[in-house]
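Asks:
Put into structure tokens, the structure is as follows:
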């Protein structure tokens, strides 16, 4: 579904990604593990068109999307939920959600259906829909961020560190929800530092260090890997 | 004051007061003052759309005001066209120049855009001043005919007042509709974060172009009304000082609020009239006031007013934008206090 082939990205003269090869298949939930500054967000920003690779190929559903504008990529079906609960804090929850459905703005009935689904997935957002998004708790803000991305009805959802700054109990609920979103048919690429939680729901994963993908494999492989255990799980 | 009436009622009441003023007074000083406030409010509200809502500080707007004014003046003086046609052409032409300027300048971001737009403003005002064969240069464009629509002649101050009030109300109505629409929210989303807006599928350049062109259209409309009212034009109306005056009105009234441009324009213009005998010294007073406002009332008078209303528990929450600007600040303040790590 999504394929990165030898993708190299530079910020000015410094290389942020060194010929990265990565693949997400239809219906998969793939995790991308890495420490702060390893390049997870750079990969995401490259996939969603905010950064242009200097070399290599980004393909989505058989089409080369490297160099496409971000809005075209969203329309093609890849939607990013950026790191750090990036909301429009002064707007109500509902307005945040409808902005997420911007590319479907003419399809009023479709938006109403999406909202219905969102409220089933996150009932608390229905109660808070008129409140400014910035007044919600951290966990609820993360829900709004994910829900807003879902409003675009993505085929592939890019989730950038949804667990950052959340209490363990909330993280657990969050990952259950992500698992459910994936079961309902959306492919997910999940960037995480919290390897323990992420590897419970992902089948497959990659490990990135200093812009290099250093390891890839099935959940079991990653869980058994000494370095992953030491660096990310802490066992 | 315990009871704060809904803003809708305040607006309706002010509208009827504005309608009734010529019946209550025929003091030409006050009517002239109000007409000028309406005209500049239209221009400042245009600046507010691009600077306050879309977050791109444009300093070229005096230039667009000049284009609107000179287009109307020249069409009526040199081409003997009717007022309404000239008005329509001025607005469209200003928008077209705005589209070209926007296409070039909006590629830049942040301060670079502001500096570039400042240069564009200087270029536009120089063109108006130096193109003497067309604009008469510093001699000024004299003898703009009295505006006429059909058989109605707008020769008296009162009739001009109603003509300009009509366009002022129209502009504010359209502004309101835009701000509360999805289009308005895309502007705000770009102000918050262009990158975030793009990752939602919003074409940032297209949205910024739309905001910019619309804002120049308002500046052009204001300029054209100004030309039809004063019936004399000098190149100094397009000068960069006017762009900074507009910015002053906007900051005092409240940038990014619907009514800020009107409140700021009315207040500062009135103050300037009072201080007129001080002439050159008045900027010594305005400078520090502006610094204080930027420091303590970053969202101007309307922003501070919204904050006050928000803190008043007796008022039900409503979703008007003016009010939410205040909430945004509250949230940011909380973030600074470490609210990020809560669950």
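Residue numbers (the UniProt record's numbering), protein chains in the order written: chain A, 1 to 235; chain B, 1 to 343. Backbone N, C-alpha and C define an ideal beta-carbon position, used for all residues, glycine too.
(1) Can you name the residues that DSSP bridges to residue 156/A?
(2) Nearest to residue 62/A by CA position, among 1/A, 30/A, 32/A and 178/A, is which residue?
(3) Could you tell me which of 47/B, 149/B, 202/B and 137/B sits nearest to residue 81/B, measuring between CA atoms?
(4) From the DSSP output, which residues share a beta bridge with residue 107/B?
(5) So, with DSSP's three-state summary, where would you put residue 132/A?
(6) Could you give the residue range of the beta strand (DSSP E) that holds residue 164/A?
(7) Any beta carbon of chain B sitting closer than 8 Å to that of residue 75/A?
(8) List the residues of chain A whose Cβ lies closer than 8 Å to the Cβ of residue 182/B, in chain order.
(9) On the CB-based measure, 16 or more other CB atoms within 10 Å of its CB, does residue 299/B come out buried or exposed?
(10) Alpha carbons only, please: which of 29/A, 8/A, 33/A and 27/A is nearest the one belonging to residue 21/A?
(11) With DSSP run on the structure shown, which of helix, strand or coil describes residue 180/B?
(12) May I ask you to list, following chain order, the residues of the segment 13–47 of chain A that have a beta carbon less than 7 Å from some beta carbon of chain B?
(13) Relative to chain B, which residues along the segment 50–71 of chain A have a C-beta separation below 8 Å, given in chain order?
(14) Nearest to residue 121/B by CA position, among 84/B, 97/B and 290/B, is which residue?
(15) Take residue 188/B and list the residues in its own chain whose beta-carbon comes closer than 7 Å to its own, dropping the five residues that flank it on each side.
(16) When you compare the CB of residue 185/B with every CB in chain A, is at least one pair closer than 8 Å?
(17) Taking the alpha-carbon positions, what's the residue 314/B to residue 308/B distance?
(18) Which bits of chain A does residue 203/B rub up against, with CB to CB less than 8 Å?
(19) In terms of alpha-carbon separation, which member of 59/B, 63/B and 94/B lies closest to residue 418/B?
(20) Whose Cβ in chain A lies nearer than 7 Å to the Cβ of residue 195/B?
(21) Between the beta-carbon of residue 148/A and the beta-carbon of residue 97/A, is there less than 8 Å?
(22) Any idea what DSSP makes of residue 57/A, helix, strand or coil?
(23) How would you call residue 76/B, buried or exposed, if buried means at least 16 neighbouring beta carbons within 10 angstroms?
(24) For the alpha helix (DSSP H) holding residue 308/B, just list the boundary residues, first then last.
(25) Verify the CB distance criterion: does residue 188/B have a CB-CB separation below 8 Å to chain A?
(26) Indicate whether at least one CB of chain A lies closer than 8 Å to the CB of residue 350/B.
(27) Which word fits residue 119/B, buried or exposed, when buried means at least 16 other C-beta atoms lie within 10 angstroms of its C-beta?
(28) Tell me where the alpha helix (DSSP H) around residue 26/B begins and ends.
(29) Can you tell me which of 176/A, 216/A and 208/A puts its alpha carbon nearest to the alpha carbon of residue 198/A?
(30) Over what stretch of residues does the beta strand (DSSP E) that includes residue 16/A continue unbroken?
(31) Residues in the same chain with beta-carbon distance under 8 Å from residue 113/B, minus the five sequence neighbours each way, listed in chain order, please.
(32) Out of curiosity, what's the CA-to-CA distance linking residue 219/A and residue 213/A?
(33) With a Cβ-Cβ cutoff of 8 Å, do residue 151/A and residue 125/A count as a contact?
(34) For residue 100/A, which three-state DSSP category applies?
(35) Count the other CB atoms within 10 Å of the CB of residue 354/B; is the residue buried (16 or more) or exposed (fewer)?
(36) Residues of the segment 152–185 of chain A in Cβ contact with chain B at a cutoff of 7 Å, in chain order, please.
Replies: This is what the structure gives:
(1) Answer by DSSP bridge pairing, in chain order: 78/A and 187/A.
(2) Just measuring C-alpha positions, the residue of 1/A, 30/A, 32/A and 178/A sitting nearest residue 62/A is 1/A.
(3) The candidate whose alpha carbon is nearest that of residue 81/B is 149/B.
(4) In DSSP, residue 107/B forms no bridge with anything.
(5) The three-state reading of DSSP puts residue 132/A in strand, counting E and B together.
(6) Residue 164/A -> no beta strand (DSSP E), and no H or E assigned at all.
(7) Cβ-Cβ to chain B under 8 Å: yes for residue 75/A.
(8) Proximity of chain A to residue 182/B at the Cβ level (cut-off 8 Å) is accounted for by 98, 99, 102 and 105, in chain order.
(9) With a 10 Å radius around the Cβ and a threshold of 16 neighbouring Cβ atoms, residue 299/B comes out buried.
(10) Per the Cα distances, 8/A.
(11) Here DSSP, grouped into helix, strand and coil, assigns residue 180/B to coil.
(12) Considering only beta carbons, no part of the segment 13–47 of chain A lies closer than 7 Å to chain B.
(13) Per Cβ criterion, the list reads 50, 69, 70 and 71.
(14) Out of 84/B, 97/B and 290/B, 97/B has the C-alpha closest to the C-alpha of residue 121/B.
(15) Within the same chain, residue 188/B has close Cβ partners 53.
(16) Residue 185/B counts as touching chain A.
(17) Only weak support exists for where residue 314/B lies, its pLDDT of 43 falling under 50; the coordinates are left without a value.
(18) Taking a Cβ-Cβ threshold of 8 Å, the residues of chain A close to residue 203/B are 69 and 71, in chain order.
(19) Because chain B spans 1 through 343 in this model, residue 418/B falls outside it and cannot be assessed.
(20) Those are 50, listed as they occur along chain A.
(21) Yes.
(22) Note: residue 57/A maps to strand in three-state DSSP.
(23) That one is buried.
(24) That run of the alpha helix (DSSP H) goes 300–311.
(25) Closer than 8 Å to some Cβ of chain A, the Cβ of residue 188/B qualifies, so yes.
(26) There is simply no residue 350/B to check, as chain B begins at 1 and stops at 343 in what is shown.
(27) Under this definition residue 119/B is an exposed residue.
(28) Per DSSP, residue 26/B belongs to no alpha helix (DSSP H) and is neither H nor E.
(29) Cα-wise, what sits closest to residue 198/A is 176/A.
(30) 14–24 is the extent of the beta strand (DSSP E) around residue 16/A.
(31) Cβ within range, chain order: 56, 57, 58, 105 and 106.
(32) One C-alpha to the other measures close to 16 Å.
(33) Not closer than 8 Å, so no.
(34) Shown here, residue 100/A sits in a helix according to DSSP, grouped into three states.
(35) The question about residue 354/B has no answer here: the residues shown for chain B are numbered 1 through 343.
(36) Those residues of the segment 152–185 of chain A that come within reach of chain B (Cβ to Cβ, closer than 7 Å) are 152, 165, 166, 167 and 170.
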